[in-house]
Every structure is written in C-alpha cells, then in structure tokens.
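Colleague: Each residue of the sequence shown is one higher than the one before, counting from 1 in the working numbering.
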Amino acid sequence: MLTGFVETLLSGLMLGSLYALFGLGLSLSLGVMKMINIAHGDLIVLGAYLCSVVMQSAGVSAGASLLAVVPAMFVIGWTLQLSLLNRVVGRDPLAPLLLTFGLSIALQNLLQEGFTADTRSLPAGAVALQGLVIGDLSIGVLPLLGTAVSVIVFAATSWTIGKTHWGRQARAVADDPSTARLVGVNDRRFFALVTGFIFAVIAIGAALYGIRTPFSPTAGPERLLYSFEAVVLGGLGNIWGTFAGGLIIGVAQLFGAKLSSGLGPFFGHLVFLIALLIRPSGIFKKGGA
1 MLTGFVETLL SGLMLGSLYA LFGLGLSLSL GVMKMINIAH GDLIVLGAYL
51 CSVVMQSAGV SAGASLLAVV PAMFVIGWTL QLSLLNRVVG RDPLAPLLLT
101 FGLSIALQNL LQEGFTADTR SLPAGAVALQ GLVIGDLSIG VLPLLGTAVS
151 VIVFAATSWT IGKTHWGRQA RAVADDPSTA RLVGVNDRRF FALVTGFIFA
201 VIAIGAALYG IRTPFSPTAG PERLLYSFEA VVLGGLGNIW GTFAGGLIIG
251 VAQLFGAKLS SGLGPFFGHL VFLIALLIRP SGIFKKGGA
C-alpha cells in the first residue's frame with residue numbers, strides 16, 4: 001500500500017516536471033512581455049514534429065536531434081517576434097490573444113497538411129525499458145532523466161534572470177519598458193531574444209513530450225492548458241512557482257487516475273480550480289525568479 005502510494009507520488013512529480021517545463025516559456029512571456037501566447041501548445045507540438053523529422057532524416061536519437069532543433073526553434077522565435085509579435089506587444093491586451101489565436105489555428109492546419117492527422121511518437125531506444133529499483137520501489141529511468149533535465153533548465157533560467165546582465169535587462173523591461181528604453185535597452189530586439197530563448201526551451205520540452213506521449217497536429221490546446229495551469233498556480237511570472245504548479249498538476253492527475261483511470265486529467269483541472277478559488281494570485285508571489 002505504502003509502496004504504491006510512493007510510486008504514484010514519484011510518477012506524479014516526474015509528470016509534473018514535464019508540465020512545468022511546458023509552462024516555463026509561457027511564464028517568461030507573461031513575466032517579461034506581459035503577453036499570453038495562445039499558440040504556445042501548438043509550438044510544443046511543432047517542436048516535437050521537428051525532432052521527428054531530424055531523427056528520421058539523420059538517423060539520430062531524440063536527444064541528439066535537439067542539436068539541430070533548439071537552434072532552429074530559436075531562429076523561428078526570434079523571427080516571429082521581430083516580424084509579427086512586436087506589432088502587438090504593449091498594446092491592447094486583446095491584440096496578442098487574437099494574433100496568437102490565429103497563429104495557433106494556422107499552425108494546426110499547416111502541421112496537419114504536412115504530416116497528416118496520424119499520431120507520431122519519438123522512439124527513446126533501450127532506455128525506455130530501463131528502471132531503477134530502490135527497495136520495493138521501481139522508477140523508470142526515462143522519466144527520471146526528463147525530471148533532471150527540467151530541473152536543470154529551470155535552475156539555469158532562474159540563474160540567468162537573477163544573476164546576469166541579460167536577466168537585469170529582462171527585469172527592467174518587465175517593470176518599466178519606457179525607462180529601460182531611456183537607458184539604452186532596445187526592447188523590441190530584446191523581446192526577440194527572449195522569444196528565441198522561450199522557443200529553445202519549448203524545443204527541449206517538445207522532445208521530452210514526444211518521447212513520453214504520442215502527439216498529433218491537434219494536440220497543442222491540451223499542452224497550452226497544462227502550461228497555463230502550471231503558470232497560474234505558481235503565480236504569474238514566477239519561475240520556480242511555475243515548477244511547483246506543474247508538480248501539483250502532475251501529482252493530482254496520477255492520484256486521480258488511481259481513483260478512476262479515465263479521470264486523471266479531470267482531477268488535475270479540479271485541483272487547479274480549487275486552488276484558484278482559494279488563492280487567485282497563485283501559490284507564490286508574482287514575478288519571482
């Protein structure tokens with residue numbers, strides 16, 4: 001009984017670390033640019049498809065495919081921000097929502113046209129079958145590696161925001177864009193750099209997602225939902241709050257699945273709703289690193 005509880009808890013935490021990684025880019029977008037990207041989930045799916053294409057064409061593993069996909073996603077993010085998203089950042093809050101909603105629909109249709117509606121997955125090789133046995137506990141090596149990657153990405157992002165010149169610029173632009181411009185920060189180009197970084201993080205989350213779960217062109221909205229729940233639970237713009245929010249959603253889902261196998265996601269959404277009613281601002285304060 002206790003062993004089953006601990007295994008479910010650990011599995012929930014490992015699943016939640018993936019949800020947290022989904023939400024990290026959305027948290028940065030909200031924290032720095034005050035923009036909600038409705039296409040965020042579809043971009044995760046795009047990253048998974050790019051990994052699949054690189055793996056098939058080059059015959060490499062999912063991890064090795066990131067050597068090409070991460071820079072490609074960075075360039076896509078940089079270009080998209082400079083050419084399109086900068087037109088709506090800082091204006092009417094509804095404008096980014098409408099623009100990224102249209103981008104979401106366009107991405108779904110383009111992916112379906114290019115890859116058909118069939119589901120795909122990213123093969124993980126022999127590591128997918130390996131497990132770590134500790135006493136009576138059995139933990140999958142692959143989810144454990146995914147959790148480690150998530151923690152490393154969060155720690156690196158938190159350090160960058162808190163300790164580097166780039167991070168100081170991010171905080172300055174987030175707090176007062178007009179004053180930041182007065183001291184020489186080109187916020188439009190800086191937003192492009194931030195978006196490129198967000199897309200690079202999306203690529204890493206996409207590879208882990210494609211290894212763990214089959215995906216299709218229409219899977220984006222569900223990824224967006226988990227991302228948004230993690231961000232709101234943790235406090236808008238709070239990096240480690242997003243990580244905690246993702247863990248809560250993952251644990252709630254797996255314990256809910258123990259009660260009823262088909263209702264795991266429902267329990268995750270239910271916990272989010274209850275937490276939002278009790279503390280609408282999130283578990284942690286907004287904007288913390």
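Even for Gly, the Cβ is constructed at its ideal location relative to N, Cα and C.
Would DSSP call SER216 helix, strand or coil?
Modeller: Within the sequence shown, residue 216 is the residue found at index 216, counting from 1. Coil.
Colleague: Give me the Cα-Cα distance between ILE139 and VAL251, rounded to the nearest whole angstrom.
Modeller: For the purposes of this step, residue 139 is taken as the residue at position 139 of the sequence shown. For the purposes of this step, residue 251 is taken as the residue at position 251 of the sequence shown. Their Cα atoms are separated by approximately 15 Å.
Colleague: Compare the Cα-Cα distances from ASP136 to each of GLU7, GLN169, VAL54 and LEU270 and report the closest residue.
Modeller: Here the question's residue 136 lines up with position 136 in the sequence shown. If we check each option's Cα against that of ASP136, GLU7 comes out closest.
Colleague: Could you check what DSSP says for VAL133 in three-state terms: helix, strand or coil?
Modeller: Stepping through the sequence shown from its first residue, residue 133 is reached at position 133. Three-state DSSP puts VAL133 in a strand.
Colleague: Between PRO143 and the rest of its own chain, which residues show a CB-CB distance below 6 Å, the 5 nearest in sequence each way excluded?
Modeller: Residue mapping note: residue 143 aligns to position 143 of the sequence shown, counting from 1. Cβ within range, chain order: MET14.
Colleague: In three-state terms, what does DSSP make of ILE139?
Modeller: Numbered from 1 along the sequence shown, position 139 holds the residue referred to as residue 139. Three-state result, ILE139: strand.
Colleague: Tell me whether the beta-carbon of GLY205 lies closer than 8 Å to the beta-carbon of ILE44.
Modeller: Locating residue 205 in the sequence shown gives position 205, counting from the first residue. Locating residue 44 in the sequence shown gives position 44, counting from the first residue. Closer than 8 Å, so yes.
Colleague: Rounded to whole angstroms, how far is the Cβ of GLY12 from the Cβ of LEU208, which I believe are closer than 8 Å?
Modeller: Numbered from 1 along the sequence shown, position 12 holds the residue referred to as residue 12. Numbered from 1 along the sequence shown, position 208 holds the residue referred to as residue 208. With 8 Å as the limit, GLY12 and LEU208 do not qualify as a contact, their Cβ atoms being about 16 Å apart.
Colleague: Could you check whether ALA200 and VAL89 sit closer than 8 Å to each other, using their CB atoms as the reference points?
Modeller: As a first step, residue 89 is located in the sequence shown; it is residue number 89 there, counting from the start. As a first step, residue 200 is located in the sequence shown; it is residue number 200 there, counting from the start. No, these two residues do not count as a Cβ contact at 8 Å.
Colleague: On the criterion of 16 or more Cβ atoms from any shown chain inside 10 Å, does GLN56 qualify as buried, or is it exposed?
Modeller: Residue numbering aside, residue 56 sits at position 56 when the sequence shown is read from its first letter. By the 10 Å Cβ count, GLN56 comes out exposed.
Colleague: Could you tell me the alpha carbon to alpha carbon distance between PHE5 and GLY264, rounded to whole angstroms?
Modeller: For the purposes of this step, residue 5 is taken as residue 5 along the sequence shown, with counting starting at 1. For the purposes of this step, residue 264 is taken as residue 264 along the sequence shown, with counting starting at 1. C-alpha separation (whole angstroms): 15 Å.
Colleague: Under DSSP, the alpha helix (DSSP H) around ASP118 begins and ends at which residues?
Modeller: As a working mapping, residue 118 is identified with position 118 in the sequence shown. Segment: none, ASP118 is in no alpha helix (DSSP H) and carries neither H nor E.
Colleague: Would you mind giving the Cβ-Cβ distance between VAL153 and LEU21, rounded to the nearest angstrom? I have them listed as a contact below 8 Å.
Modeller: Locating residue 153 in the sequence shown gives position 153, where the first residue counts as 1. Locating residue 21 in the sequence shown gives position 21, where the first residue counts as 1. Going by Cβ atoms, the distance from VAL153 to LEU21 rounds to 6 Å, so yes, they are a contact pair.
Colleague: For PHE272, which residues of its own chain have a beta-carbon under 7 Å away from its beta-carbon, when the five flanking residues on both sides are left out?
Modeller: By one-based count along the sequence shown, residue 272 stands at place 272. Excluding positions up to five away in sequence, the list reads GLU229, LEU233 and ILE249.
Colleague: Locate the alpha helix (DSSP H) running through ILE283, then write down its first and last residues.
Modeller: For the purposes of this step, residue 283 is taken as residue 283 along the sequence shown, with counting starting at 1. Counting along the chain, ILE283 falls outside any alpha helix (DSSP H), and DSSP gives it neither H nor E.
Colleague: Pull up the CB-CB distance for GLY114 and SER61, whole angstroms please, since I reckon it's below 8 Å.
Modeller: Along the sequence shown, read from residue 1 onward, the residue named residue 114 stands at position 114. Along the sequence shown, read from residue 1 onward, the residue named residue 61 stands at position 61. That belief does not hold up - the Cβ atoms of GLY114 and SER61 are roughly 23 Å apart, past 8 Å.
Colleague: Report yes if the C-beta distance between LEU26 and HIS40 is below 8 Å; otherwise report no.
Modeller: Here residue 26 refers to the residue found at position 26 when the sequence shown is read from its first residue. Here residue 40 refers to the residue found at position 40 when the sequence shown is read from its first residue. Yes, they are a contact pair.
Colleague: With distances taken from CA atoms, which of SER158, GLY256, SER260 and PRO280 is nearest LEU270?
Modeller: Indexing the sequence shown from 1 puts residue 270 at position 270. If we check each option's Cα against that of LEU270, GLY256 comes out closest.
Colleague: Over what stretch of residues does the alpha helix (DSSP H) that includes PRO71 continue unbroken?
Modeller: Taking the sequence shown and counting its residues from 1, the one referred to as residue 71 is at position 71. That run of the alpha helix (DSSP H) goes 62-83.
Colleague: Does DSSP classify MET35 as helix, strand or coil?
Modeller: As a working mapping, residue 35 is identified with position 35 in the sequence shown. DSSP places MET35 in coil when its eight states are reduced to three.
Colleague: Let me check understanding here. Comparing Cα to Cα, which of GLN81, THR160, SER158 and ASP42 lies closest to ALA106?
Modeller: Working through the sequence shown from its first residue, we reach residue 106 at position 106. For the residues GLN81, THR160, SER158 and ASP42, the minimum Cα distance to ALA106 belongs to ASP42.
Colleague: Out of curiosity, what's the CA-to-CA distance linking ALA170 and THR3?
Modeller: The count along the sequence shown starts at 1 and reaches residue 170 at position 170. The count along the sequence shown starts at 1 and reaches residue 3 at position 3. Taking the straight line from one Cα to the other gives about 44 Å.
Colleague: Do you know whose CA, among VAL127, SER158 and ALA155, lies nearest LEU145's CA?
Modeller: Taking the first residue of the sequence shown as position 1, residue 145 is located at position 145. Per the Cα distances, VAL127.
Colleague: Do PHE191 and GLN81 have their CB atoms nearer than 8 Å?
Modeller: Sequence index remark: in the sequence shown, residue 191 carries index 191 (1-based). Sequence index remark: in the sequence shown, residue 81 carries index 81 (1-based). Yes, the pair counts as a contact, with Cβ atoms nearer than the cut-off.
Colleague: Leaving out five residues on either side along the sequence, give the residues of the same chain with a beta carbon under 7 Å from the beta carbon of TYR226.
Modeller: Counting from 1 along the sequence shown, the entry for residue 226 is found at position 226. Counting only Cβ-Cβ distances below 7 Å, and skipping sequence neighbours, we find TYR19, PHE22 and ILE249.
Colleague: Return the chain-ordered ranges of every beta strand (DSSP E) run that is complete within the stretch 188-268 and spans a minimum of 3 residues.
Modeller: Runs of the beta strand (DSSP E) inside the stretch 188-268: none found.
Colleague: Closest to LEU193 by C-alpha separation, out of ALA117, LEU85, LEU66 and LEU10, would be which residue?
Modeller: Counted from its first residue, the sequence shown places residue 193 at position 193. Minimum Cα distance to LEU193 is reached at LEU85.
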